[in-house]
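Numbering (our numbering), first residue to last: 42 to 292.
Take a look at the structure set out below.
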C-alpha cells in the first residue's frame, strides 16, 4: 500500500478523502490547523490504521517543510499528494475591500503552498516513477471564470489550474499525474456526509435534487489516485450536481 499526504484532512471536505485512503489500506499523513480535538478523534476512530497527524499553517513554508519531512520519516515516500487545504474569506467583499493581509493569505494558502509541496514531494515521486497529485479549485476555474466578491480566492485558484496542468505535462514521463477537483456548494454537515445521507433530503436548488457531499469529492479524488488512472492527467472536474455556484449570489 501507499502513503497519502492530505492537507486539512481531519475534518470538512478533507475528512472523507482521508477515510477513503484509510479504508483502502493506505498510510496517511494529515495536517490540521487549529482543531487538535478533531484531529485526535480521527486517530481514535481508526486505531488500527497508520495515521500521522501534523499541525500546519499552510501559509507558512517552514511548517510545510517540517510536515513533509516528518511524514517521510514516518512512512517513506509520499505517493499521493492531496492539496485540500485552502484559506477562504467567508465575508463576501469586492477586491478593493480586501486588505493586503487577506490577499497574501489567499495567494500563500491556495497557490504558494501547493508550489512548496510540489517541490518537496515530486523528486521522490520521480525516483519511484509513480505519483498522484490532486488539487482543489472552484466551479468553472478551468475557464478562468470571474467570481463576484471572491476575487482574491478565485485568482489564486485559477493560477492553481495552470500549475496543475503544467505539472501534468512536465511530470507525465515520470509516471506522475496531476489533476483538480472543483467542489460545488457543499456546506455545513454535508462536507463530512455520505452520499446516502444526502439522498434522504431533497435540495430544490441543485438540479440533481440533492446536496453535494464530502463523499462525492472523495470518490473523484480516489479515482484520480488509482494506479490505472495514469491516462487521466491535467484534468479539471466540476462536482456540483449541475448547480451554477459562482453565479447564484449577485449581490
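Glycine included, each C-beta is placed from N, C-alpha and C at the ideal position.
Keep in mind that this is a model prediction, so the values were computed, not measured.
Legend entry - Nearest to residue 100 (by Cα), restricted to the options 158, 241 and 224: 158
Legend entry - Sheet register partners of residue 222 (DSSP bridge): 177 and 278
Inset, instruction - Could you tell me whether the Cβ atoms of residue 194 and residue 119 are closer together than 8 Å? - result: no
Inset, instruction - Would you mind stating whether residue 49 and residue 112 have Cβ atoms separated by less than 8 Å? - result: no
Inset, instruction - Report the rounded CA-to-CA distance for residue 225 versus residue 278, giving the unit in angstroms. - result: 11 Å
Legend entry - Close beta carbons around residue 235, own chain, < 7 Å, minus the five adjacent residues each side: 254 and 256
Inset, instruction - Report yes if the CB atom of residue 128 is closer than 8 Å to the CB atom of residue 102, and no otherwise. - result: no
Inset, instruction - Give the DSSP-derived three-state secondary structure of residue 207 in the structure shown. - result: helix
Legend entry - Cβ-based neighbour list, residue 292, same chain, cut-off 7 Å, excluding 5 preceding and 5 following: For residue 292, the predicted model reports a pLDDT of 42, less than 50, meaning its position is unreliable; a value from the coordinates is still stated below. Within the same chain, residue 292 has no close Cβ partners at all.
Legend entry - Selection from 249, 61, 131 and 201 that minimises the alpha carbon distance to residue 149: 201
Legend entry - Spatially closest choice to residue 61 from 155, 251, 43 and 162, by CA coordinates: 43
Inset, instruction - Determine the contact status of residue 16 and residue 173, defining contact as a CB-CB distance below 8 Å. - result: Outside the displayed span of the chain (42 to 292) sits residue 16, for which this structure offers no information.
Inset, instruction - Apply the 10 Å Cβ neighbour rule to residue 85 and answer buried if 16 or more other Cβ atoms are within range, or exposed otherwise. - result: exposed
Inset, instruction - Report whether the distance from the Cβ of residue 204 to the nearest heavy atom of the ligand FAD is below 7 Å. - result: As for the ligand FAD, it is missing from this structure, which has no ligand bound.
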